[in-house]
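Under numbering that gives the first Met the number 0, the first residue of the sequence shown is numbered 0, with each subsequent residue one higher. Ideal Cβ placement from N, Cα and C applies to all residues, glycine included.
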Amino acid sequence: MGTGLIYTASGLDRAANQRSDADWVAARLAEPDMRLVPVWRNQNLVNGDAHAPVPAMPRGDQARHLISQGGSLVFLGLAEGTPLFSADFSSMAENEALSLAVRMVDGDASFVDLRATGWLLPRDQAAVLAYARGLSYWHRSHAFCGRCGQPTAIHQGGHMRKCTDDACARETYPRTDPAVIMLVTDDGIGGHGPRCLLGRHHRWNFAMYSTLAGFVEPGESLEEAVAREVFEEAGVPVTDVTYMASQPWPFPASLMLGYWAKATSVDINIDDDELQDARWFTVDDVAAFGEWGADIPDDMPRLPRKDSIARWLIETWRDEHT
Ligand SMILES: [Zn+2]
0 MGTGLIYTAS
10 GLDRAANQRS
20 DADWVAARLA
30 EPDMRLVPVW
40 RNQNLVNGDA
50 HAPVPAMPRG
60 DQARHLISQG
70 GSLVFLGLAE
80 GTPLFSADFS
90 SMAENEALSL
100 AVRMVDGDAS
110 FVDLRATGWL
120 LPRDQAAVLA
130 YARGLSYWHR
140 SHAFCGRCGQ
150 PTAIHQGGHM
160 RKCTDDACAR
170 ETYPRTDPAV
180 IMLVTDDGIG
190 GHGPRCLLGR
200 HHRWNFAMYS
210 TLAGFVEPGE
220 SLEEAVAREV
230 FEEAGVPVTD
240 VTYMASQPWP
250 FPASLMLGYW
260 AKATSVDINI
270 DDDELQDARW
280 FTVDDVAAFG
290 EWGADIPDDM
300 PRLPRKDSIA
310 RWLIETWRDE
320 HT
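In structure tokens:
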């Protein structure tokens, strides 16, 4: 709470105690003002121009008509009493899904990748779209039982799938993969004033420097995962692993757990497979970084995207030292 991180604070009442009651969900679906969050192949429907998008959410009869054409209906929750549902149109071709959806909303809607627009949306709405996208992905990837391979069916308002083979009847619930992401600092060990360790990935063709991150492995605590990832990627041993904040990251199915950690040695030995470069940056260095997407030389260091907890971890550290 209070971090201001995008994709948090949807404000929804998920009504977890009621949503397993099929009659209760059906009554919410029948409400005249209910609204639908359409999802098509991991993309969300938005209105407006690229600089000021707003979620496009058909309501009432139009929403129910759309739902009748789609799949994986999910009750998301109540937004100040208004029922919100999501449905998935991924089985349609893009033009088919779009022409169907656009007829149900005012304006010139399109399906967009939330990663490209999320930080431009009001935070509560970005969180709702991320939630819908994450659940939609889960449904698409759990259509069959992981134990016996038979089809699964939706239950509990879209929050559980159950194997349709009565002898198996295995239940599966939406999964979130924990990933740790960490800002490592040196506390001025090298006599430079405080510095932070940031890495550049091969996948960026410009110099974006970000916090290190990685998935938590089975049998590992979060603190152990932080220390392992930093050592694997940069060869730097850390201590004092301290939790800072978390952020839903349904791209496609993660929860980012943000930490600060202190280096006990400043020598860097990068894993070439993971990183192109890793360096220590002072507060002044970071303050001079360029903005993501700015028209600056490719080799000039720049910050990660505004919607990321990486950015938040870096800026929180920078602001604490300026
Ligand atoms: Zn089964």
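- Of the residues assessed, residue 131 falls on the buried side of the cut-off, its CB having 16 or more other CB atoms within 10 angstroms.
- For residue 238, the closest alpha carbon among the candidates 218, 229, 198 is that of 229.
- For residue 133, the enclosing alpha helix (DSSP H) starts and ends at 122-139.
- Three or more beta-carbon pairs separated by less than 8 Å are not found between the segment 68-81 and the segment 108-121, which leaves the two stretches without contact.
- Burial state of residue 214 is exposed, judged by a 10 Å Cβ sphere holding fewer than 16 other Cβ atoms.
- In terms of Cβ geometry, residue 177 and residue 256 form a close pair [threshold 7 Å].
- Ordered along the chain, residues surrounding ligand 1 are 144, 146, 147, 149, 162, 164, 167, 169 [Cβ under 6 Å from any heavy atom].
- Scanning 45, 51, 63, 135 for the CA closest to the CA of residue 75 turns up 135.
- Contact between the segment 9-20 and the segment 141-156 is established, with three or more Cβ pairs separated by less than 8 Å.
- For the beta strand (DSSP E) assignment, the uninterrupted runs of no fewer than 3 residues enclosed by the segment 154-199 are, from N- to C-terminal side, 159-162, 176-184.
- For residue 87, the enclosing beta strand (DSSP E) has its first and last residue at 81-87.
- Rounded to whole angstroms, the Cβ separation of residue 252 and residue 184 is 30 Å, and the two are not in contact under 8 Å.
- Taking the Cα of residue 198 as reference, the smallest distance to any Cα among 189, 188, 191, 210 is reached at 210.
- Residue 129 places its beta carbon 7 Å or farther from that of residue 37.
- Distances from the CA of residue 273 to each of 162, 46, 200, 84 were compared; the closest alpha carbon is that of 200.
- The continuous stretches of beta strand (DSSP E) do not include residue 288, and DSSP gives it neither H nor E.
- Residue pairing by DSSP places residue 68 opposite no residue, since no beta bridge is assigned to it.
- Residue nearest to residue 297 within the set 204, 266, 315 is 204 (criterion: CA-CA distance).
- Boundaries of the beta strand (DSSP E) harbouring residue 241: 237-248, taken from the DSSP string.
- Going by DSSP, residue 281 is part of no alpha helix (DSSP H) but of the beta strand (DSSP E) stretching over 274-281.
- In chain order, 193, 282 place their CB closer than 6 Å to the CB of residue 320, counting only its own chain and leaving out the 5 sequence neighbours on each side.
- Minimum Cα-Cα distance from residue 4 among the listed residues 308, 313, 314 corresponds to 308.
- The Cβ atoms of residue 44 and residue 108 lie closer than 7 Å to each other.
- Here residue 74 carries a strand assignment [DSSP, helix/strand/coil].
- For residue 97, the uninterrupted alpha helix (DSSP H) run begins and ends at 93-101, by DSSP.
- For residue 42, the pairing in a beta bridge is given by DSSP as 39.
- Residue 160 counts as buried, since no fewer than 16 other beta carbons sit within 10 angstroms of its beta carbon.
- Rounded to whole angstroms, residue 148 and residue 234 show a C-alpha spacing of 42 Å.
- Our two residues, residue 240 and residue 169, have alpha carbons roughly 38 Å apart in a direct line.
- Residue 292 is not a Cβ neighbour of residue 299, given a cutoff of 7 Å.
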